[in-house]
Each structure stands twice: as structure tokens, then as C-alpha cells.
Amino acid sequence: MKPVSKPVSTTLLLSIDLFGTFVFALQGASTAVQHELDLLGIMVLAFATALGGGIVRDVLIGAIPPNSIKDWRYPATAFFAAAVVFLGHAYVSQIPYWPLIALDAAGLGLFAIAGAAKALDFGINPFLAILLGGVTGVGGGTIRDILLAQVPNVLRADIYAAAALLGATILVLGIQLKLRPALASTLGIFTCFTLRMVAVHQHWNLPKVLNR
Amino acid sequence: MKPVSKPVSTTLLLSIDLFGTFVFALQGASTAVQHELDLLGIMVLAFATALGGGIVRDVLIGAIPPNSIKDWRYPATAFFAAAVVFLGHAYVSQIPYWPLIALDAAGLGLFAIAGAAKALDFGINPFLAILLGGVTGVGGGTIRDILLAQVPNVLRADIYAAAALLGATILVLGIQLKLRPALASTLGIFTCFTLRMVAVHQHWNLPKVLNR
Amino acid sequence: MKPVSKPVSTTLLLSIDLFGTFVFALQGASTAVQHELDLLGIMVLAFATALGGGIVRDVLIGAIPPNSIKDWRYPATAFFAAAVVFLGHAYVSQIPYWPLIALDAAGLGLFAIAGAAKALDFGINPFLAILLGGVTGVGGGTIRDILLAQVPNVLRADIYAAAALLGATILVLGIQLKLRPALASTLGIFTCFTLRMVAVHQHWNLPKVLNR
């Protein structure tokens, strides 16, 4: 299956994807170090966290082989981040809490918006493009947690996937309203990032069923 | 890849799929509530339990994008079931044991038969179509259990996947014997449902290796 | 997507694949017996361990439906191995440690090399073909461990995936240097096998980050 329309913005997508890949790979590699995994474990978790969500999206929309398998720059970026963490862990581990949360929130926004945009390019309907944006944003972290035999973050209380879905919704609405793609993307990324940061700061959570 | 023959029965497949989706989504959402997950966790488990098996089947037979990604009615049905459980949990949690087991057994039979029929439509050979029927039936529940970091039901003692495989076998044999598709489907669903219900009632299990 | 060049060696690939399938299926089935799973659990783990890696590779390179879904000989081989373990477990469980390690190392080498070769046949670039060789070698065992809710072997210390990647690298370099495919394959399999055996014997591990 080929994209049915001119890509929303090919170069933008590539830059966004590679920056998000680097950020998420750093995060996956750091998690691997915390779990005392060896060099290969660090590489595997960097790759899975950074590229897992996009691979699942690409398989589902029919963009096969997925970008991360067709284009060496994706895995190279992920492994570069793994090397940074492996060699510089003494420094990486001293990065304080808030910059880490901010980097992760930025990666989440970038991936969610890029994921929804690519789904639209492949003719997926808007409602499902939003879902695929969410999958792209949280998929890699979910695979990371599954590999570590833990219940994934996305299922535990916290506004994380919700921020990704909201950002993707803004992008899709923007495109429907004929906003310029760069503007719609920026609004989506900004919304996702802001909601995530405020939610962490305010300890916001989604509601649970009360009457158990 | 396109279906190689006229679909066994397109409308039947759609109705079966949506009913099975609703039943399995109810079940996934209830499991999420038992694990005290939030609203998004309930939606994720409803989606994964209801649509995971069919998505895996569709990717493997080359029906890409999978139905659940192409057709908004599938995720909408799953999320509707999630909303029913979220809003009406006080009532849903009072449904007694046997109706729940019966609903789940019905969903299992519907999915196994629909899965095997779709695989046949795509030119998969009969032996593998039976396996894909089994995957469609138990795949969603398996993904649900993996997300909850539990050993999936399908691996634990109980006649569950076996009922799905038997139902799929009946359908495939029926089609080979030139039975009308609606008849072969009904026989397959009925067999799967009955075997599952009797197995739960009688505590039947498959044999294990004895001489350990 | 079709292979872009003449397959490196079709018959060799088939024989390698079926032998590797049998070996890995024996291993998955034995693991199932150790976890006291029933007959169906034994079949599922035999199938997943033996065919999971190749299915993931085939989906990622666009060889859909995957061989294991198109060709009944693959699942039949896996289920035959499951039957051997189920019926003959008294004997299978007495096979000593080293032959088991050697069989597994042979399977690893065969799968890694066959995986990288098939990726090259489908026009994947050499760096990514090596990664896909690694995925083919360790993917099945990883899925087996995920189903058992355990952190997969590939993430725990041990030279396992590293041996698969080295073997795949030898094959890909050999093909680039215009060696005969059979020679490049043999060198790759031999290297992977030898590194794995020596690593187990000498308790070699990959480095971890020290300054935590």
C-alpha cells in the first residue's frame, strides 16, 4: 500500500522521527542500566523503546517494510543513544528529574503527532489515525515494559497515553480544518507536551470506577 | 493481497465480528476494573482483548490494514463496551458467573469460526486456517494477559484454545464438504460453545506429561 | 513485496529452516513441560519458540503471509517436535546438558543466517539484514519467555544474541565479498555456534555499566 496523498510534510516527519527516536532510545537505555542489563540488553531496550511504536504503526497501516527496517538512520540513532548511555552513564544518571520528564514528554508529543500524520497520509480515517498516533507514542514504552515483564505504564494511573491521544486529536482536527500541516503539528505537540507536564506536576490522574 | 475467492459470507462475518467484539471488550474492560486500572486502561484492555486476535490474524494473512484499523465500527464497538463497564460497573459486576462464562464461550466460538473463514477466503490452506481460527479466538485474551504481566490463560490448564480449534476444524471440514457456509459456521460455533461450557462445568483439562 | 533478487539458496534455506524449527520446537516444548503446562500449552510454546522469530522477520520485510502460515511443513514440524516431547518426555528429559546447549546453539546459528539471507533477498540493506538475522535467531525464545511472563533471555547477561548477530554479520560480509552463498552461510553458522559454545563453557558475558 502506498500513501494515498502527498505526505503532510516528509522532511518535518523525518526530523521529528529522528529526534523522538534519540530521546526515547536514551530513556530505554537508561531503564536497561537501572535493571543491570548488559550492553546488548541496553541496545535492545533502546531500539524497542524508540522504534517499537512506529514499527507497530507501520505494520498496521501497511507501510511495510517499516521505516525503521528500511532506513538505517533509525536504528543507527537508537544505537547511538545506547552508546551515549553506556559510555556516559555516570553523567546521564545525574540529569535531574524535570529535564528527563520534559524530554520524555517532548518525545511523546513528537511521536504521537508524527504517527497520526503518517496514518492520515496512508488514507486511514481520522478517528483511527488518532488511535494510531496514540499507539506510536506509547507503543515503544509498552514493548519495553513487556520485555521487562512489568505491567506497562500505559495501563497504570497517569495522564500519559491520554496526552498522546489529545495531541493527535489536535493534529487531525487541524488538518481537517485545512490548517497548514506545520501549524497543526506544532499545536498538537505543544498540547501533548503541556498536558503531560502539568499532569505530572499536579499529580493528575484519570478517573477509576468507584463503586467496587 | 486480496481474497482469492468470494468471501464465505461478508455480512455474516461483520455481524459475528461486531457481536464477538462487544462481548470480548466487555470482558477485557471488566478485567481492567478488577485490576483497578483507570479509564484509559479500561479502554486499552477492551480494545486489546476484543480486537487483538483479529489484528494478528489479519497481519499474518496479509489483510493489511486490518479491519479494526480500516473500519471505525470495530474500535467504536470496543470503546462502547468499555463505556458500559465504566459507567455501569455496579450492575455489570453483579452479572452471575454462568452467564459470563456463556458470553465468553459464545465470543470464543464466533471469533474462531470467523477467523478460520477469513483465512480460507485469503487462500490459506485448511490446516493453517484452523490454526488461525484458534489465534483469532484466543489472541486477544493472550495480549490482555501479557499486558497484565500474567501467564496467558491459553497456556494454563483448561479446555479453551482446544474448543476454539475444534470449532474452527468443524467449519473448515464443513466448507471442504461443500456444506452451506451458514450451516458450517453454525455447527462450528455450536461445537466450540458446547465443548467450552461442558469443560468448565465438568472441570475437564487436557493431559499433562506424567513421568517428570 | 517480492524478493528483488534470486534467493541466495532456496533449498538450503528450506532445509536449514526446518531443521532449526525442529530443534527450537523441542526446546520450547521442553520448557513447557518444565512449567507443567498441558498438551496444548506444549504445542503453543513449541510453535512460538520455533516459528515466532521467522514470523516477525517475514512481517517486517513484507514477506506476507509468512512462510510458517503459507507452508504447512513449518507448523507440522513444530507440532511433531511437541509430540516427541509429550510422548517421549521420560527420554527427552534425560538428554544431558551439553548436547542440549549444542542443539540450541546450532538452531541459533541456522536461524540467524537464514534470517539475514532472506532479508538480503528482499532488498533490505546489509546493516538491517544483520539485525533481522538477530531477530530471527532470538525472536522465538523471546516470545516464549514473554508468554511465560519472564524477562527474556536476550536481555539477561549471556552471549546469545551477540553470537547470532556475529554469525549474521559474517554471512552478510561474505555475500558482499561475493563468496558463494553456501560458503558464507557455513562460515556464519560455524562462527555463531562456536562463539555461543565457548561463551557458555567459559561463562563469558558482555560488559555492564560499572559506575552506577
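Residue numbers (our numbering), protein chains in the order written: chain A, 1 to 212; chain B, 1 to 212; chain C, 1 to 212. Glycine is no exception: its CB is placed at the ideal position from the N, C-alpha and C atoms. Bear in mind that the values here come from a model prediction, so they are computed numbers and not experimental data.
With a cut-off of 8 Å on Cβ pairs, the region 153-162 of chain B is not in contact with the region 36-43 of chain B, counting fewer than three such pairs. A/I101 is outside the set of residues whose beta carbon lies under 8 Å from a beta carbon in chain B. Taking the Cα positions, B/G62 is about 42 Å away from C/P96. Rounded to the nearest angstrom, the gap between the Cα atoms of B/W204 and B/A168 is 20 Å. One finds M1, V59, L60, I61, G62, I64 in chain B with Cβ atoms closer than 9 Å to the Cβ of C/I64, taken in chain order. A Cβ of chain A is located within less than 8 Å of the beta carbon of C/K208.
At a cut-off of 8 Å between beta carbons, B/L155 contacts chain C. Cβ contact annotation for B/D17 (same chain, cutoff 6 Å, sequence separation greater than five): A114, in chain order. When C-beta distances to chain B are compared with 7 Å, the residues of the region 127-159 of chain C below that value are I146, L147, L148, A149, in chain order. At a Cβ-Cβ threshold of 8 Å, B/R196 and B/L87 do not count as neighbours. Straight across, the Cα-Cα distance linking B/A184 with C/I69 is about 23 Å. Contact annotation: in the region 159-187 of chain A, residues whose CB is within less than 7 Å of a CB in chain B are A161, A162.
Per DSSP, reduced to three states, the secondary structure at C/W72 is coil, with no helix or strand assignment.
Straight-line measurement puts the Cα of B/G137 at about 6 Å from the Cα of B/G53.
Setting aside the 5 residues that flank it on each side, B/A32 is surrounded in the same chain by G41, I42, L45, each with a C-beta closer than 6 Å to its C-beta; the list follows chain order.
Under the three-state reduction of DSSP, C/Q94 is assigned to coil, being neither helix nor strand. By the C-beta density criterion, B/K118 is buried, having at least 16 other C-beta atoms within 10 angstroms.
By the neighbour-count criterion, in which 16 or more other beta carbons inside 10 Å mark a residue as buried, B/L177 falls on the exposed side.
The Cβ of C/I124 sits closer than 8 Å to at least one Cβ of chain A. Under the DSSP assignment, C/I159 falls outside any alpha helix (DSSP H); it carries neither an H nor an E label. Using a CB distance cut-off of 8 Å, C/G41 counts as an interface residue toward chain B.
By the neighbour-count criterion, in which 16 or more other beta carbons inside 10 Å mark a residue as buried, A/F193 falls on the buried side.
Sequence-distant Cβ neighbours of C/T142 in its own chain, meaning closer than 6 Å and more than five residues away, are P152, V154. DSSP, reduced to helix, strand and coil, places B/A63 outside both helices and strands of the structure shown, so it counts as coil. A distance below 6 Å between beta-carbons, with the five flanking residues on each side excluded, links A/A105 to the following residues of its chain, in chain order: F193, R196, M197. A/L132: member of the alpha helix (DSSP H) spanning 126-147, first to last residue. It is roughly 15 Å from the alpha-carbon of C/R57 to the alpha-carbon of C/P126. Around A/N67, no beta-carbon contact reaches into chain B at under 8 Å, the shortest distance being about 16 Å. Contact of B/P75 with chain A by beta-carbon distance below 9 Å involves F127, L128, L131. Taking a C-beta distance under 8 Å as the contact criterion, C/T49 and C/A25 qualify as a contact pair. Put simply, the CB of A/L14 is far from chain C, with every gap to its CB atoms at 8 Å or more. At a cut-off of 8 Å between beta-carbon atoms, C/L26 makes no contact with chain B. Contact note: B/L120 does not reach chain A at a C-beta cutoff of 7 Å; the least C-beta distance is about 22 Å. C/A81 sits away from C/V172, with the two beta carbons spaced by 8 Å or more. Proximity of chain C to A/F86 at the Cβ level (cut-off 8 Å) is accounted for by V209, in chain order. A buried status is given to A/S30, since no fewer than 16 other beta-carbon atoms sit within 10 Å of its beta-carbon.
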